[in-house]
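Notes follow once the structure below has been shown.
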Amino acid sequence: MTAPRPLIAGNWKMNGLAASLAEAKAVAAGLGDTAARVALCPSATLVAQMAWTLKDSAVLVGGQDCHAQASGAHTGDVAAEQLADAGAKLVIVGHSERRADHGETDAAVAAKTLAALRAGLEPIVCVGETLEQRKAGDTLAVVTGQVRGSLPAELAGKAFSVAYEPVWAIGTGLTPTTPEIEDVHRAIRATLTELFGEAGRAVPILYGGSVKPSNAVEILHADEVGGALVGGASLKADDFLGIIRAL
Ligand code: 13P
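Per this note's numbering, the sequence shown starts with residue 186, numbered consecutively.
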C-alpha cells in the first residue's frame, strides 16, 4: 500500500470576508512544487467565490460542516450537495467546535460523513480529547471511540481523512509533544485498519491544534502524521505556505 499523499487543509472558521480571497490567491500563487494536497475551507458564504478564484490552481476548496440531509426545512444549514454545487471538493465534519457549540454526537457526525459521500465530497472527520479527558488518562479510549462512532462503514473504498485535534491545543498555542501525537495517531491507524482492513493504512491522519510554521517540520514528520488541519495560521498566506513548505 503506497503512503497516502499528505493533506494540508486550512480551516478559516468564522473568519474571512470577500477581501480575504486575496490570501487564498496568494496561497495558490506561492504553492510551487509540493508533495501535499492543499485545501482551504472558508465559511459557506465564501465557498463559491473561493472556488471560482482558485479554479485554475491546485488549491482545493472545502466546507466546514454540512447537514446530514440533501435539502429541506433546516434554516441556516448548508447541505453537502450545496457545497459541492458551489465548487467544494471536501468538507470538514465533526470539528470539536461543532461538537461543543452544537452538541454534535458521533452518530450525527457519521450521518454528516455519509452526506458528504452522497454529494461526492471528501470528508475530513475530526476527533480529539478535552483537557479533562487527557488528564484522566482517557485520550486513546476517547479518540478511538470517536473514530469508531463517527466513521460509517460506507467510507470503505472512498477518499477521506481523519483529523486528530486535541481540544486543548486548538487556538491556545499549546501542542502535545511529538511522542504524544504519535501515540494517538498510531491508535487511530490501528482503529482504521480494524475498520477498513489494509485500505485503512492509506487514510491520511492529519494533526490539528496550534500548527504554525515554527512547529510544522517536527509535527509533519512525526510517525503516522499525514498532514495538518490548520486554523489561525491558515488565515495568512505566508504562514500557511510556511507550513506547506515544512513537508
Ligand atoms: P488552530 O490552528 O487555530 O489552533 O486551530 C486548529 C483547528 O481547530 C483547525 O480545525
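All residues carry an ideal CB built from backbone N, CA and C; glycine is no exception.
Here the structure is a predicted model, which is why all the values come from computation and not from measurement.
| query | result |
| --- | --- |
| Cβ atoms of N196 and G448: under 9 Å apart, would you say? | Within the shown structure, residues of the chain are numbered from 186 to 432, placing residue 448 beyond reach of any answer. |
| Measuring alpha carbon to alpha carbon, tell me which residue in A207, A407 and Q254 is nearest M235. | A207 |
| Going by DSSP, what residue range makes up the alpha helix (DSSP H) through N400? | P398 to L405 |
| Counting beta carbon pairs with one atom in the region 307-319 and one in the region 267-281, are three or more of them shorter than 8 Å? | yes |
| CA-CA distance, V223 and T260? | 31 Å |
| Compute the beta-carbon to beta-carbon distance between A253 and E266, rounded to the nearest angstrom, for a pair I have assumed lies under 8 Å. | With 8 Å as the limit, A253 and E266 do not qualify as a contact, their Cβ atoms being about 12 Å apart. |
| Could you tell me the distance, in whole angstroms, from the CA atom of V332 to the CA atom of T230? | 29 Å |
| Relative to the ligand 13P, is the shortest distance from any of its heavy atoms to the C-beta of S399 smaller than 8 Å? | no |
| Around the ligand 13P, what residues have a beta-carbon under 6 Å from a heavy atom of it, in chain order? | N196, H280, E350, I355, G356, G393, G394, S395, V396, L414, V415, G416, G417 and A418 |
| Just to confirm the assignment: which complete beta strand (DSSP E) runs, minimum length 3, are found wholly within the region 310-374? | 346-349 |
| Nearest to L275 by alpha carbon, out of R284, H287 and L299? | L299 |
| Identify the continuous alpha helix (DSSP H) that holds A232 and give its terminal residues. | Going by the sequence as given, residue 232 is Val instead of Ala. Unbroken alpha helix (DSSP H) run through V232: A229 to T238. |
| Mark R374 as exposed unless 16 or more other C-beta atoms lie within 10 angstroms of its C-beta, in which case mark it buried. | buried |
| According to DSSP, is R430 part of a helix, a strand, or is it coil? | coil |
| Quick check on S399: buried or exposed, where buried means 16 or more other Cβ atoms within 10 Å of its Cβ? | exposed |
| Go through its chain and collect everything with a Cβ distance to A233's Cβ below 7 Å, but skip five positions before and after it. | A271 and G272 |
| Pop quiz: Q402 and A372 are said to be a contact at Cβ under 8 Å. What is the actual Cβ separation, rounded to whole angstroms? | Looking at the sequence provided, one finds Val at residue 402 rather than Gln. V402 to A372, Cβ: 23 Å. No contact. |
| Whole angstroms are fine: how far does the CA of K343 sit from the CA of V369? | 23 Å |
| Tell me V276's beta-bridge partners as DSSP assigns them. | G248 and P308 |
| Does DSSP put R434 in a helix, a strand or coil? | Residue numbering for the chain in the displayed model covers 186 to 432; residue 434 lies beyond these limits and cannot be assessed. |
| Leaving out the 5 sequence neighbours to the left and right, which residues in its chain are closer than 7 Å to V396 when beta-carbon positions are compared? | I404, A413, V415, A418 and I428 |
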